[in-house]
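Below: one structure, written as C-alpha cells.
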Amino acid sequence: MIRSCNPIDGQKEFDFTRKGPTQNGFVWKFSRPLTGGLAMLFCLLLLGVGEMACRAQTGTGRVPESFVKTLPDHPRLLVRSNRFESLKQQNDSVSLQLKAYIQHEAERLLTADTIVYPKTGFKFGPMRNVQGRIIALAMGYRLTGDTRFLDRARAELRQLAALPDWAPNHFLDVGEGALAAGIGLDWLYDDLPAGERDAIAQAIVNNALLPSLQVTEGNGSWVAGDFNWTQVCHAGLTTGALAIAEREPELAKQIINRAIKNLPNAGAVYAPDGAYPEGPSYWSYGTTFHVLLVEVLRSALGSSYGLEQFPGFLKTADYNLQMVGTSGLDFNYSDYHLEQQNEPIMLWFARETRRPELATQEITDLLTICRAARAGTKSPVHTNRHTPLELLWWNPDLAPKTGSFPPRHWTSQGGAGLPGLPMAVMRSAWPRQDSLATFVAIKGGTPNHSHAHMDVGSFVLEADGVRWAIDLGTESYDKMRAAKLDLWSYTQTSNRWATFRVGPEGHNILRFDQQRQEIDGKADISILPEANGIVGNRVDLTPVYRHQVASVGRVIQLQPDKSVRLEDAWTTADKPVTASWQWLTKANVTQTPRGLLLQQDNKSLELLVSASAPYTVAIEDVSAPRNIQDSPNPGVSRIVIQLTSPAKTTTTLHVHMLPGRVTANRK
Numbered sequence: 067m068i069r070s071c072n073p074i075d076g077q078k079e080f081d082f083t084r085k086g087p088t089q090n091g092f093v094w095k096f097s098r099p100l101t102g103g104l105a106m107l108f109c110l111l112l113l114g115v116g117e118m119a120c121r122a123q124t125g126t127g128r129v130p131e132s133f134v135k136t137l138p139d140h141p142r143l144l145v146r147s148n149r150f151e152s153l154k155q156q157n158d159s160v161s162l163q164l165k166a167y168i169q170h171e172a173e174r175l176l177t178a179d180t181i182v183y184p185k186t187g188f189k190f191g192p193m194r195n196v197q198g199r200i201i202a203l204a205m206g207y208r209l210t211g212d213t214r215f216l217d218r219a220r221a222e223l224r225q226l227a228a229l230p231d232w233a234p235n236h237f238l239d240v241g242e243g244a245l246a247a248g249i250g251l252d253w254l255y256d257d258l259p260a261g262e263r264d265a266i267a268q269a270i271v272n273n274a275l276l277p278s279l280q281v282t283e284g285n286g287s288w289v290a291g292d293f294n295w296t297q298v299c300h301a302g303l304t305t306g307a308l309a310i311a312e313r314e315p316e317l318a319k320q321i322i323n324r325a326i327k328n329l330p331n332a333g334a335v336y337a338p339d340g341a342y343p344e345g346p347s348y349w350s351y352g353t354t355f356h357v358l359l360v361e362v363l364r365s366a367l368g369s370s371y372g373l374e375q376f377p378g379f380l381k382t383a384d385y386n387l388q389m390v391g392t393s394g395l396d397f398n399y400s401d402y403h404l405e406q407q408n409e410p411i412m413l414w415f416a417r418e419t420r421r422p423e424l425a426t427q428e429i430t431d432l433l434t435i436c437r438a439a440r441a442g443t444k445s446p447v448h449t450n451r452h453t454p455l456e457l458l459w460w461n462p463d464l465a466p467k468t469g470s471f472p473p474r475h476w477t478s479q480g481g482a483g484l485p486g487l488p489m490a491v492m493r494s495a496w497p498r499q500d501s502l503a504t505f506v507a508i509k510g511g512t513p514n515h516s517h518a519h520m521d522v523g524s525f526v527l528e529a530d531g532v533r534w535a536i537d538l539g540t541e542s543y544d545k546m547r548a549a550k551l552d553l554w555s556y557t558q559t560s561n562r563w564a565t566f567r568v569g570p571e572g573h574n575i576l577r578f579d580q581q582r583q584e585i586d587g588k589a590d591i592s593i594l595p596e597a598n599g600i601v602g603n604r605v606d607l608t609p610v611y612r613h614q615v616a617s618v619g620r621v622i623q624l625q626p627d628k629s630v631r632l633e634d635a636w637t638t639a640d641k642p643v644t645a646s647w648q649w650l651t652k653a654n655v656t657q658t659p660r661g662l663l664l665q666q667d668n669k670s671l672e673l674l675v676s677a678s679a680p681y682t683v684a685i686e687d688v689s690a691p692r693n694i695q696d697s698p699n700p701g702v703s704r705i706v707i708q709l710t711s712p713a714k715t716t717t718t719l720h721v722h723m724l725p726g727r728v729t730a731n732r733k
C-alpha cells in the first residue's frame, strides 16, 4: 500500500516546538480535556465489570512488586532464546524469504556509512535509523551466528550509548533510541563485554528513563495523551526499562506501571470500529509501537495487561485495509505523508485474530521487497525498519484464504462525547476483483485532534482507475514553522487553519459564508438502510456548523451501476447564508449543460448537478501557493458551487457522479 509508516524521513520535518519549562517537547492546545481513557474506565465501572475484566479492558494492572525475581534471562524482549532456535528451523516459503531478507539487510549494513548524530537539536532521523540497523543486525546474528553482524551491531550500540543525550526536548527521539538500545542490549546480552553492557544500560537510564520522569502528565503531554507520541514513547521506554530491570528494579517498575496506566488514553481512540483520528500515516506509527509494547510486556512479564483489548483495537487492521482505494492510494486525510511501504504489524494482527486474509497484502509486499533484494534492485515498496520483526509475528499455520474479501461497505462510528473517528467506505469491488472499481470514502469527526485538518465531511472518489476527488495530504511542517504558524494549536482562531492543505480551503467540504468549521463539534455518521443494491451513509454535519446554520447533513450513496450520489441539505436559521460546495481534482474540468465533465488519463467522470435554488459554478486553479506556508499543488483545480439560502429555509444540492464506463453503458 502507499503510505508512510515512518511519516517523516528527516528530523527537521518532525519538529514539535518545545514550550514552557517542562520537557514535554510541545504543548497541545485543545478546546476540551483529554478524557477518553478515564471515561472508558468510568463506564466499565458503572456497568459493574469485575476487577479482572476491567483490568483487561483498560490496562489498569500493575507490575508485581517482586517482578524482577521472575524475569526471564536475556533475551526476553519480543523473543526468547528457544524461539530464535525454532526460527532457524522454520522453513515455509514466507519464513525463508524473510530470513533471506534479514541476512541480506545485515550484509548491506556492514558497509553502511556511520550515522551522524547532530550535536544539538533533534536526533529523530538518526534514532530511527539506528533502531532499524540494530534490529536487522542483531536478528541476523542470532539467526546465522555471523560475528560480522555482531561486531557492527556493537559498534552501533557503542556510538548510541556514547551520546551525551538523546534529545529530550523532542521526546520521540528518546523513545526511538530507548527501543533501539533496549533490543540491542537484550538480544546480544551474552555476547557483549561487561563494559559495553554497563555503558548501554547506563545510557538507557540516563538518556531515557530518568529524563522521562521530568515530563509532566498535564498540558496534553505525551505521558497521558491520546495520540501517537503516547504509544511511541511508552513503548520505547518500557523496552529500555525491561532490558535493564535487574539493575534498576524500582525505576523500571515505575516506567512500566506508568505506561500501563496511561495507554488507555491512546487505546480509547480506536473505539468502536478501529478508525484512527490521526490518519493512515500516523496509524502506522502509533499502532506499530502499541503492538511493540504489547509484545515486550508479554515476552518479559507474561502479560500484556490488556493493552490490546481496548474496544476497536483488534478491529483496526480492517480500518487499515479499508483506507486503501482501488488505485492503491489511501484515503489520505489528516497530516498524511505519501510513501509506498510495507506494514509489518499486519502479520501480527493476522496472527492475533487468526484471520489470514489480513496478511494477504503484506505478504505480497514482502515478496516484492525480497525479490528486489535478491536482484540487487530498488524495491518499489519501501522497506519498513521493523520488517525483520515479521519473522516473529508470522504464523505459518494460518493458511491464506484465496477469494476471501473484507466487506465492501464499512462504517466506523463514534459521535459526540465518544472516542473514535466516524467515517465510511464504499466500493463496488476489491481491486483483485475489479481493477477499475469505484471507491468512495468519507469522514466525519472533528478538527480538534492531533494532526487533524478542517475536513469534516470531506471525501475522496476513485472510478475507472482514476482518483477524481482528492485530498492534498499534509503541508510541510518546516514551511508552516517558517511562516511562524502555531502548528499544534487546534483552537478556533489558530493560524494553523490558514494553511491551504490543512484548513477548510483545501478540502471537499461545505462552507457557509466562508467561515471555518467549528472545532468544538463532532460529526457522526449513520448507516442508511440498503435498498435495491444501493448502500450509503449520512454524515450529521450540524455540530461543526451549528453557529452558521440550524442543521446540515451530507448523504453519500454507491449505486449498483458503480455511480455515486451525493446530496447535501441544510436549513438556515434567522439569517441568509451563502453556501459553497468544494471539490478538488487533478482532472481537466469543463462545464456542460448538465453540470461538469472531468477528464484525466483518457478517462472521464460526469457530474450531474441539481439544486433547489439557483447556483453558480466556478472552476478555480489552485496550483500556485497562496501564502508562504503553502506548497504548490501542480495541476490541481477546485470546483466551487455557490448557492444563496434565505433565512429559515431548507436548501438541497444533489450531485450524481457518473464514471465514463457507466455513461457508456447507458448510451
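Just so you know, the sequence shown maps onto residues 67 to 733 in the working numbering. All residues carry an ideal CB built from backbone N, CA and C; glycine is no exception.
Cβ pair residue i, residue j closer than 8 Å
i	j	result
Asp252	Leu175	no
Glu242	Gly302	yes
Asp627	Val526	no
Ala337	Gly480	yes
Pro570	Gln583	yes
Ile591	Thr512	no
Glu541	Val522	no
Glu262	Arg220	yes
Leu373	Leu359	yes
Leu209	Ile168	yes
Phe578	Tyr611	yes
Gly483	Ala341	no
Met723	Ser617	no
Ala677	Leu709	yes
Leu650	Gly661	no
Nearest to residue i (by Cα), restricted to the options the options
i	options	result
Thr565	Leu553, Pro346, Asn323	Leu553
Leu433	Leu594, Leu164, Thr353, Gly345	Leu164
Leu624	Leu487, Val298, Gly599	Gly599
Gly619	Pro642, Lys588, Ile321, Ala597	Lys588
Leu538	Trp460, Pro700, Phe415, Gly661	Pro700
Gly602	Glu633, Ala247, Leu279	Glu633
Thr644	Ala679, Leu484, Ala653, Val655	Ala679
Thr392	His140, Phe505, Leu662	Phe505
Tyr351	Arg421, Arg451, Leu373	Arg451
Ser159	Met489, Trp636, Cys436	Cys436
Ala16	Ala503, Leu229, Tyr385, Arg704	This structure cannot settle anything about residue 16, because the visible part of the chain is limited to 67 through 733.
His356	Thr426, Gly211, Leu380, Ile201	Leu380
Asp420	Asn654, Pro466, Leu719	Here residue 420 is Arg; the residue named in the question, Asp, does not match the sequence. Out of Asn654, Pro466, Leu719, Pro466 has the C-alpha closest to the C-alpha of Arg420.
Arg493	Asn574, Thr449, Leu457, Ile622	Ile622
Met412	Leu404, Asp396, Asp431	Asp431
Pro768	Asp257, Phe293, His300	There is simply no residue 768 to check, as the chain begins at 67 and stops at 733 in what is shown.
Ala227	Ala639, Ala269, Ala246	Ala269
Glu428	Ala438, Ala439, Ala416	Ala416
Gly286	His515, Asn668, Thr658, Arg313	His515
Asn574	Ile310, Pro691, Val721, Asp500	Val721
Gly284	Gln320, Asn328, Thr638	Asn328
Lys185	Gln225, Leu664, Leu663, Leu363	Gln225
Ala441	Glu423, Asn272, Ala166, Lys641	Ala166
Pro141	Val447, Tyr255, Ala260	Tyr255
Thr426	Val447, Gly469, His448, Leu457	Gly469
8 Å contact criterion, which residue i and residue j should meet: CB distance rounded
i	j	result
Ala507	Leu671	Incorrect: roughly 16 Å between the Cβ atoms, too far for contact.
Ala518	Ser400	6 Å
Lys146	Ser369	A quick correction: the sequence has Arg, not Lys, at residue 146. At roughly 15 Å, the Cβ-Cβ gap does not stay under 8 Å, so Arg146 and Ser369 are not in contact.
Asn331	Thr382	So it is not a contact: roughly 16 Å between Cβ atoms.
Ser711	Trp636	7 Å
Ile322	Val129	5 Å
Ala307	Leu275	6 Å
Trp459	Trp414	4 Å
Checklist entry - Can you give, in chain order, each stretch of the alpha helix (DSSP H) that sits fully within the segment 273-352 and has at least 4 residues? => result List check, alpha helix (DSSP H) in window: 294-309, 315-333.
Item to check | the segment 171-186 touching the segment 207-216, judged by at least three CB pairs closer than 8 Å | outcome: Pairwise C-beta distances place the segment 171-186 in contact with the segment 207-216, as three or more of them are shorter than 8 Å.
Checklist entry - At what residue ranges does the segment 491-551 contain a whole run of the alpha helix (DSSP H), taking only runs of 4 or more? => result Listed in chain order, they are 543-548.
Checklist entry - How about the segment 225-233 and the segment 174-194: do they share at least three Cβ pairs that are nearer than 8 Å? => result Touching, yes, given that three or more Cβ pairs across the two stretches are closer than 8 Å.
Checklist entry - Does the segment 452-464 come within contact of the segment 401-417, defined as at least 3 CB pairs closer than 8 Å? => result Touching, yes, given that three or more Cβ pairs across the two stretches are closer than 8 Å.
Next on the checklist: Quick check for students: name the residue ranges of the alpha helix (DSSP H) that lie wholly in the segment 349-411, counting only runs of 4 or more.
Outcome noted: List check, alpha helix (DSSP H) in window: 382-388.
Item to check | Completely contained beta strand (DSSP E) runs for the segment 401-484, where each covers 3 or more residues | outcome: If we require 3 residues or more, the beta strand (DSSP E) runs fully inside the segment 401-484 come out as 475-478.
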